[in-house]
Every structure is written in C-alpha cells, then in structure tokens.
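Numbering (my numbering), first residue to last: 41 to 272.
This is the structure in structure tokens:
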C-alpha cells in the first residue's frame with residue numbers, strides 16, 4: 041500500500057497493531073506496506089463482498105453486523121443479528137485459510153460508514169512464516185474460538201431460555217455495555233428455538249437482573265458483566 045505520510049502509516053498501524061496477529065506497531069507497519077493489504081470503505085447498509093469477507097479483516101472505523109446468509113421468512117421477522125463487529129474487531133480469521141467450498145455462511149453489513157483493512161491469505165501466510173510468534177498467537181486465537189463455540193453449543197443445547205437469550209444478546213452486542221440490537225420477537229424466538237412465552241419470561245428476567253433494557257424491538261445492554269453471568 042501507499043501512504044501519504046509516515047504519520048498516516050503510524051496511525052493506521054496503531055489501530056491494527058492490537059489484533060492477535062501482530063506484536064506491536066512494527067509488525068503492523070510491515071503488513072500494511074506489503075502487497076495483499078487493502079483499505080476499503082463501505083456505505084451504511086452495504087454488504088461486504090464475498091471476496092473481501094473471505095480475507096482477514098480489521099474494522100478501523102464504524103462497525104459491521106453479522107447476519108445469517110439466509111433467513112426463514114416469517115411474518116413480522118427481520119434478519120437475525122448474530123453479532124456486531126465493533127471498531128477494532130476482526131473477521132475472517134478462520135475463513136482466510138478455508139479450503140474446498142469457501143462459500144460464506146453469513147452476511148457482513150456496514151452499520152454506518154465503515155472502513156476496514158483487509159489482509160490476503162498470501163500476506164497472512166508470509167507473516168506467519170517469517171514470525172513464529174505470530175503463528176503461535178494465531179493458534180491460540182483459533183483455540184480460543186473453538187472453546188467459545190463449544191461453550192455456545194452447551195448453552196444452546198442444554199441451557200435455559202434465560203441463559204440462551206443472555207448468550208445471544210452478549211454475542212450480538214459484541215460484549216459492549218450500552219450496545220443496542222434491534223430484533224423482532226418472532227425472529228428471536230426462532231433463532232433460540234424457544235416459545236414466545238418462554239422468551240417473554242427470559243426477557244423479563246434479564247431486565248429484572250439489571251442486565252438489559254428493552255424498548256419495543258430494541259434491546260440495550262445495561263450491565264455487560266451481569267449479562268455475561270446470566271449466560272453461564
């Protein structure tokens with residue numbers, strides 16, 4: 041990539057230097073200067089193309105919404121928000137190395153004017169080969185994701201309606217206190233595989249615990265720590 045000044049490079053390197061792949065600004069600067077690194081902007085509501093979503097991406101401005109690739113269409117439903125990727129968040133850590141069928145399983149959509157840095161598979165491979173510590177950090181990150189997904193399976197197969205709902209809201213909101221998600225009760229009940237009555241009781245319980253606030257279709261994370269406790 042080409043930068044107008046060293047300060048522009050340093051500023052961007054500081055934003056991406058905190059992700060698991062890099063060990064400080066120097067490694068990030070190297071990656072940003074290499075071929076295979078791109079900066080792209082997306083307008084509000086714009087879907088990130090498959091070719092971009094398949095790369096390792098870092099959100100440096102704005103945020104992205106993750107929704108299922110296909111949603112069962114029911115009356116009074118809207119696309120289910122799986123999670124929100126905030127500024128500083130990443131996507132594509134696993135899919136960048138996918139082989140065989142690389143078709144995406146989710147949509148990434150810009151929530152507002154959003155800018156991301158994209159690292160191609162070739163560039164990530166180059167970084168990992170030249171920096172053994174980066175390879176170890178990558179393995180640690182993916183191991184953490186496996187552990188997290190195992191926990192998610194446990195919650196959604198054996199957990200209560202309240203714990204399922206708390207887990208879902210925490211993930212959708214990115215674990216950020218004050219974050220808001222908008223979802224219909226019909227789509228939420230469908231996603232969690234619970235009845236409407238159970239969903240209402242679970243929502244009321246989370247409100248009573250001080251974990252969330254709810255106004256219509258909007259759910260706001262009031263206390264992230266309390267919400268996380270309810271998800272266990």
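Beta carbons are placed, not taken as given, at the ideal position from N, Cα and C, and that holds for glycine.
Keep in mind the model is a prediction, meaning the values are calculated, not measured.
Where the alpha helix (DSSP H) through residue 91 begins and ends: Here the alpha helix (DSSP H) through residue 91 covers 90-93.
Meets three-Cβ-pair contact criterion under 8 angstroms: the segment 185-199 and the segment 69-85: With a cut-off of 8 angstroms, the segment 69-85 and the segment 185-199 do not count as touching, because too few Cβ pairs lie within range.
For residue 132 and residue 95, believed in contact at Cβ under 8 angstroms, the rounded distance: Approximately 5 angstroms separates the beta-carbon atoms of residue 95 and residue 132; this is inside 8 angstroms, confirming the contact.
Supposed contact pair residue 103 and residue 126 - C-beta distance, whole angstroms, cut 8 angstroms: With 8 angstroms as the limit, residue 126 and residue 103 qualify as a contact, their Cβ atoms being about 5 angstroms apart.
Rounded C-alpha distance that separates residue 60 from residue 194: One C-alpha to the other measures close to 26 angstroms.
Cβ-Cβ separation, residue 204 to residue 234 (assumed contact under 8 angstroms), whole Å: In this structure, residue 234 and residue 204 form a Cβ contact; the two beta carbons are roughly 7 angstroms apart against a cut-off of 8 angstroms.
N- and C-terminal bounds of the beta strand (DSSP E) containing residue 123: Per DSSP, residue 123 belongs to the beta strand (DSSP E) from 123-125.
Start-to-end residues for the alpha helix (DSSP H) that takes in residue 238: According to the DSSP assignment, residue 238 belongs to the alpha helix (DSSP H) that extends over 236-248.
Where residue 262 sits in the DSSP three-state scheme: In this structure, residue 262 counts as coil in the three-state DSSP scheme.
Residue 224 (DSSP reduced to helix, strand or coil): Secondary structure of residue 224 (DSSP, three-state): coil.
Span of the alpha helix (DSSP H) around residue 47: Residue 47 -> alpha helix (DSSP H) spans 46-56.
Extent of the continuous alpha helix (DSSP H) run through residue 209: Per DSSP, the unbroken alpha helix (DSSP H) holding residue 209 starts and ends at 201-212.
Bridge partners - residue 74, DSSP secondary structure assignment: Residue pairing from DSSP leaves residue 74 without any beta-bridge partner.
Closest by C-alpha distance to residue 66, when choosing among 228, 87, 174, 107: Of 228, 87, 174, 107, the residue nearest in Cα terms is 174.
Bridge partner(s) assigned by DSSP for residue 172: Answer is none; residue 172 lacks a bridge partner.
Buried or exposed (CB count within 10 angstroms, at least 16 for buried), residue 240: Of the other Cβ atoms in all chains shown, fewer than 16 fall within 10 Å of the Cβ of residue 240; this residue is therefore exposed.
Exposure label - residue 201; buried when at least 16 CB within 10 Å: When all chains shown are included, residue 201 counts as buried.
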